[in-house]
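**Student:** Numbering of the sequence shown is given in the numbering used here, commencing with residue 1217 and proceeding in unit increments. Idealized CB from N, CA, C, for every residue including glycine. These numbers come from a predicted model, not from an experiment. Questions regarding the structure given below will be posed in turn.
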Amino acid sequence: MWTCLYAGCNAPRSALHQLEKEKYEAASKKWRKVLAKDSAQVAGLYVASRYFVEADTTANPFDSAYHYITAAQRVYALAPDEGAKQLKKLKLDSTALDRQKIKVDSLAFAYARSVHTVPAYQAFLDRYASAPQRPAATATRDSLAFEAAKAEGTYQAYQRFLKQYPDARQAREANEIYELLLYENQTASGTLEAYENFVRRYPHNAYLTEAQRHIYALRTAPHTPEAYALFYADYPHAHVAPHALEWLFLFHREEGTLEQFANQYSLPSADSMLIRLTTATTQLLPMPANARWGFIDEAGQWRIPARYDAPTDEYRCAEVDAPYFVLHQNARAGLVDRAGKPLTAFRYDRLEALRPGIYRAERGDSVGLVTGADGETIPLQFEDISLVGGFLVRAETGGQVRLLTLQGHNVLKGTFEDISMEDDQLLVRQNGRYAVLRWTQLLNDLQQNRAPRPQFQFHEVVPQPQESFLVRVGDRWGVVNARLKPIVPVTADAVEYTPGGWLVQKDQQYFLMNRDGQPLHPQGFERVIFNTQFYGVKVAGRWGVLNQAGAFYKEPAYDSVQFLAENILLLSLNDNLFAAFGQDKMVNFNRYQKVEVLTNKFTLGANETPVYLLLATDAAGRQSLFNSQGEQIMASRYDRIALLGNQLLMAERNRKTGIYDLQGNTIVPARYDGAGFFNGRVMLLQRGKFGMFDPTLQHLIPPQYEATLRPLAESTNAYIALKKGSYGLIDSQNHPLIPFTMDEIRHWTEGISLVRQNGRWVFWEWGKNEAASEPMDAIRFLRETPEESVLRVERGLRYGVLSSVYGEVLPVRYEEVIDLGQDRPLYFAALQAEEGQYHVDYVNAEGVPFHQVVVDEETYDTLICE
1217 MWTCLYAGCN
1227 APRSALHQLE
1237 KEKYEAASKK
1247 WRKVLAKDSA
1257 QVAGLYVASR
1267 YFVEADTTAN
1277 PFDSAYHYIT
1287 AAQRVYALAP
1297 DEGAKQLKKL
1307 KLDSTALDRQ
1317 KIKVDSLAFA
1327 YARSVHTVPA
1337 YQAFLDRYAS
1347 APQRPAATAT
1357 RDSLAFEAAK
1367 AEGTYQAYQR
1377 FLKQYPDARQ
1387 AREANEIYEL
1397 LLYENQTASG
1407 TLEAYENFVR
1417 RYPHNAYLTE
1427 AQRHIYALRT
1437 APHTPEAYAL
1447 FYADYPHAHV
1457 APHALEWLFL
1467 FHREEGTLEQ
1477 FANQYSLPSA
1487 DSMLIRLTTA
1497 TTQLLPMPAN
1507 ARWGFIDEAG
1517 QWRIPARYDA
1527 PTDEYRCAEV
1537 DAPYFVLHQN
1547 ARAGLVDRAG
1557 KPLTAFRYDR
1567 LEALRPGIYR
1577 AERGDSVGLV
1587 TGADGETIPL
1597 QFEDISLVGG
1607 FLVRAETGGQ
1617 VRLLTLQGHN
1627 VLKGTFEDIS
1637 MEDDQLLVRQ
1647 NGRYAVLRWT
1657 QLLNDLQQNR
1667 APRPQFQFHE
1677 VVPQPQESFL
1687 VRVGDRWGVV
1697 NARLKPIVPV
1707 TADAVEYTPG
1717 GWLVQKDQQY
1727 FLMNRDGQPL
1737 HPQGFERVIF
1747 NTQFYGVKVA
1757 GRWGVLNQAG
1767 AFYKEPAYDS
1777 VQFLAENILL
1787 LSLNDNLFAA
1797 FGQDKMVNFN
1807 RYQKVEVLTN
1817 KFTLGANETP
1827 VYLLLATDAA
1837 GRQSLFNSQG
1847 EQIMASRYDR
1857 IALLGNQLLM
1867 AERNRKTGIY
1877 DLQGNTIVPA
1887 RYDGAGFFNG
1897 RVMLLQRGKF
1907 GMFDPTLQHL
1917 IPPQYEATLR
1927 PLAESTNAYI
1937 ALKKGSYGLI
1947 DSQNHPLIPF
1957 TMDEIRHWTE
1967 GISLVRQNGR
1977 WVFWEWGKNE
1987 AASEPMDAIR
1997 FLRETPEESV
2007 LRVERGLRYG
2017 VLSSVYGEVL
2027 PVRYEEVIDL
2037 GQDRPLYFAA
2047 LQAEEGQYHV
2057 DYVNAEGVPF
2067 HQVVVDEETY
2077 DTLICE
């Protein structure tokens, strides 16, 4: 094996000599013969490498040259020192081997560069592990591969590039493009499902937040607490989750359920929402500092720092209950929450609240939309913006209208003449015709990225109860339901809603249909009238009555029909007058000239059952009264009968008035000249004197006073009475509480009243029947509620405040006192300190000062709204 090394290398030298003379065939035979005998002969390997570089004419002989020279280097590295000396005699040493290696590397790289393809460079890199050209080959390969991925332009191409060349200089850019193309590919349908699948499959993608933003917009398009709560539950860590939480905070705030909100959601201690939550009932007041304005709470703490222009009128002199504040910096408006956190840039001319948390934003002639939770959601690019249905946006430009969600997504593609909303239905007008679209279907289309196709079928659309629509095409009318399915064909001359269905006019006849458009009665009528229980119908000149099922309650045999009440009918036949009271009961009213209904339904609460009574007047003007069952409860002997409140009757006979219950029973005999009803009591008049009857307590105060008795307060059974030109106070049994020596009496607390005597006011204690305070020059009630009365007291042009709960709140020392509070008192008390300077104390309901400030006259005028 080591013959050449120790015995000389004549054969290799001869081969090299033949090679240098360009006798390539002879050289080939010699070096092949040498290597055939000894494949590890360094000289033979060296000559072989040179042969493939210098004599081989194939396109790429460099791999073979590389093979032999690297083999020679390996064998040489194993030769002992003595062998190295022998090779040196042959002028073959490591330097020659290294030069040949460098030459082969260079030629191989030049070949790869001439081919200039990714496979060519990759082959060079795979083969030439120690070539100095490897960095250049790597860079060029990566560049060509990156360009190929760009040319293909798919996320799969970039994905392959990143997988094959993770360390490429273009890897970062490739990854950015890959994530974008992947996002675009996976969400190309634009559906809610596509965005949610993307978020689930690719939680680390750079466009995760963008996908979450679309999910948020589509999920919360209905703008309901349930929609925001569900989004927050499913995506609590999304970057827009705080936006959903903000809307939930606002909904709970409006509903007065912030305690429920606090129990349901945990908030970071530094979160402005937590600050607002813990101070939700705190009053905020505008306050100047260092020539700027902010807001303090009733503990005197700054909640909104003093960084803003002077407040507008809506924030001056009163507690502000808005969830957000529209403030100004350098005359530009922006939005700030109650914890002082700016929510928008200060770049608007005007922000107008459309509803809590939603603002119309103006700048110049351009209009957009801003919300407290999401900031500017619709850019300033429209001429006008308004809300449709409270949660969709009608955006108008050039007389054309778009419909957007609060997040700015198009609900309908294109523009229209007008868009409005009735209940859950959208009415869209285009070219003078209307389309009707269901919001639930539109929401589904929006989330599925389907383009709705409005059908502009109608010239007029009139919303009706129970999600139906009266529609006109040309001069024909009909009815469609919420799904636009015909209920009444659009062939009628006119259609009118009835409590039981539809009244359809066609060819000068009237037809009755039920709610589903089915005939209530097979025949048509000449005329139809109706109430909630019956239909009056005219057939061949005669009137009859149908019930709500369409069956005849009264056959068509009458000259006229009149509805007096829901279940009381008046029918005439051949000069005979009958009242029908249901259940086939008929009462002859021939002896009466006039019949009318007395009812309390217009003064009752929503859940109270109204009373219907029939008042009949005979030829002599005498009145009698019948109940809704047709029973006479008051005989025909009264000059006048009238309802008194909701539960009493007043009847006059021979100029004397009595009080009766709704069954006609006597409550107060008819001995009075007149009666009236006030605050649940019956006021009585007799010989010019006034008395009172309390139907609840069944107490009667005989008429003996000079004016109508007035209750001192709703919470008391004490009454202010006038006798001999002076006022006194009596109880419901006519016992005196305050003597009749007063010019005026006002309520203060149980057992204590305010009385004015000789032009001055004092407190009067009933039990002791004496004054209980020093005189006051004047008084003014700042508030009167069942919980507390607050009185501004004046003595010698100075003011103080008394509370029925807390006693003296402010001493009588101030020049101005104002109650700034809404839910509870909060006092502004001012005293001029020196010329042009005012000292102002802010004091809470209990009388504890929480802030003091000295201001100039201009600032003072701002604080007191002048």
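Taking the alpha helix (DSSP H) that Glu1270 falls in, what are its first and last residues?
**Tutor:** Val1258 to Glu1270
**Student:** Using a Cβ-Cβ cut-off of 7 Å (strictly less than) and excluding sequence neighbours within five positions of Leu1294, which residues of its own chain qualify?
**Tutor:** Answer for Leu1294: no residue qualifies.
**Student:** My guess is that Ile1946 and Leu1970 are in contact by the Cβ rule of under 8 Å, so how many angstroms apart are they, rounded?
**Tutor:** Ile1946 to Leu1970, Cβ: 17 Å. No contact.
**Student:** Determine the burial state of Phe1894: buried for a count of at least 16 other Cβ atoms within 10 Å of its Cβ, exposed for fewer.
**Tutor:** Counting of Cβ neighbours within 10 angstroms places Phe1894 among the exposed residues, the total staying below 16.
**Student:** Taking Val1291 as part of the alpha helix (DSSP H), name the residues at either end of that continuous run.
**Tutor:** Secondary structure note for Val1291: its alpha helix (DSSP H) is the uninterrupted segment Phe1278 to Leu1294.
**Student:** Quick one, which of Trp1980, Pro1826, Tyr1876 and Pro1952 has its alpha-carbon nearest Thr1965's?
**Tutor:** Trp1980
**Student:** Going by DSSP in three states, Arg1388 sits in which element: helix, strand or coil?
**Tutor:** helix
**Student:** Terminal residues of the continuous alpha helix (DSSP H) containing Gln1663?
**Tutor:** Trp1655 to Gln1663
**Student:** Just list the residues that DSSP pairs Arg1692 with in beta bridges.
**Tutor:** Val1689
**Student:** Within the same chain, show all residues whose beta-carbon is closer than 7 Å to that of Gly1967, passing over the 5 residues directly before and after it, in chain order.
**Tutor:** Glu1981, Trp1982 and Gly1983
**Student:** Can you give me the C-alpha to C-alpha distance between Ala1231 and Leu1251, rounded to a whole angstrom?
**Tutor:** 11 Å
**Student:** Quick check on Trp1982: does DSSP put it in helix, strand or coil?
**Tutor:** Looking at Trp1982 - three-state DSSP - the assignment turns out to be coil, as it is neither helix nor strand.
**Student:** Does the Cβ-Cβ distance between Leu1662 and Val1695 come in under 8 Å?
**Tutor:** no
**Student:** When the Cβ atoms of the region 1431-1446 are set against those of the region 1694-1711, are three or more pairs found closer than 8 Å?
**Tutor:** no
**Student:** To which residues of the same chain is Glu1568 closer than 7 Å at the C-beta, ignoring the five residues directly before and after it?
**Tutor:** By the criterion of a C-beta distance shorter than 7 Å, Glu1568 is surrounded in its chain by Tyr1575 and Arg1576, once the five residues flanking it on both sides are discounted.
**Student:** What span of residues does the beta strand (DSSP E) with Arg1962 cover, start to end?
**Tutor:** Annotation for Arg1962: the continuous beta strand (DSSP E) segment containing it runs Glu1960 to Thr1965.
**Student:** How do the region 1956-1965 and the region 1924-1944 stand: do at least 3 beta-carbon pairs fall below 8 Å, yes or no?
**Tutor:** yes
**Student:** Run the CB neighbour count on Gly1580, radius 10 Å, all protein chains shown included, and call it buried at 16 or more, exposed below.
**Tutor:** exposed
**Student:** Among residues of its own chain, excluding the 5 on either side of Tyr1282, which ones have a beta-carbon nearer than 6 Å to its beta-carbon?
**Tutor:** Val1320
**Student:** How close, in whole Å, do the beta carbons of Tyr1448 and Leu1461 come, if the pair is a contact with beta carbons under 8 Å?
**Tutor:** Their Cβ separation, rounded to whole angstroms, is 6 Å, which keeps Tyr1448 and Leu1461 in contact under 8 Å.
**Student:** In whole angstroms, what is the alpha-carbon distance linking Thr1498 and Arg1731?
**Tutor:** 52 Å
**Student:** Identify every residue that forms a DSSP beta bridge with Met1729.
**Tutor:** Trp1718 and Pro1735
**Student:** Among the candidates Leu1780, Ala1836 and Val1827, whose CA atom is the shortest distance from the CA of Val1811?
**Tutor:** Looking at the Cα atoms, Leu1780 is the closest of the given residues.
**Student:** Fully enclosed by the region 2056-2082, which beta strand (DSSP E) runs are 3 residues long or longer?
**Tutor:** Those beta strand (DSSP E) runs which fall completely within the region 2056-2082 and span 3+ residues are 2065-2072.
**Student:** Residues in its own chain within less than 6 Å of Ser1482 by CB, not counting five upstream and five downstream?
**Tutor:** none
**Student:** Of the choices Arg1388, Ala1410 and Arg1435, whose alpha-carbon is the least far from that of Ala2086?
**Tutor:** In this structure the chain extends from 1217 to 2082, so residue 2086 is not present and cannot be described.
**Student:** With DSSP collapsed to three states, give me the class of Asp1358.
**Tutor:** helix
**Student:** For Val1617, which residues in the same chain have their Cβ closer than 8 Å to its Cβ, ignoring the five residues on either side in sequence?
**Tutor:** Arg1610, Ala1611, Thr1631, Phe1632, Glu1633, Asp1634 and Ile1635
**Student:** Determine the closest residue to Arg1903 out of Ser1840, Ala1923, Leu1785 and Asn1276, with distance taken between C-alpha atoms.
**Tutor:** Ala1923
**Student:** Given this structure, state the Cα-to-Cα distance separating Lys1801 from Val1777, to the nearest angstrom.
**Tutor:** 16 Å
**Student:** Give every residue of the same chain whose Cβ lies closer than 6 Å to the Cβ of Ile1884, excluding the five residues on either side of it in the sequence, and list them in chain order.
**Tutor:** The question names Ile, but residue 1884 is Val in the sequence shown. Setting aside the 5 residues that flank it on each side, Val1884 is surrounded in the same chain by Gly1874, Ile1875 and Phe1909, each with a C-beta closer than 6 Å to its C-beta; the list follows chain order.
**Student:** Check for me: the beta strand (DSSP E) holding Lys1810 runs from which residue to which?
**Tutor:** Residues Tyr1808 to Thr1815.
**Student:** Using CA coordinates, which residue listed in Lys1317, Leu1261, Ser1602 and Leu2042 is at the minimum distance from Val1291?
**Tutor:** Leu1261
**Student:** Spell out a yes or no on whether the region 1514-1528 and the region 1587-1602 are touching, meaning 3 or more CB-CB pairs, one atom from each, closer than 8 Å.
**Tutor:** no
**Student:** Here's a check: name, in chain order, each residue in its chain whose Cβ is nearer than 7 Å to the Cβ of Tyr1327, leaving out the five neighbours to either side.
**Tutor:** Asn1276 and Phe1278
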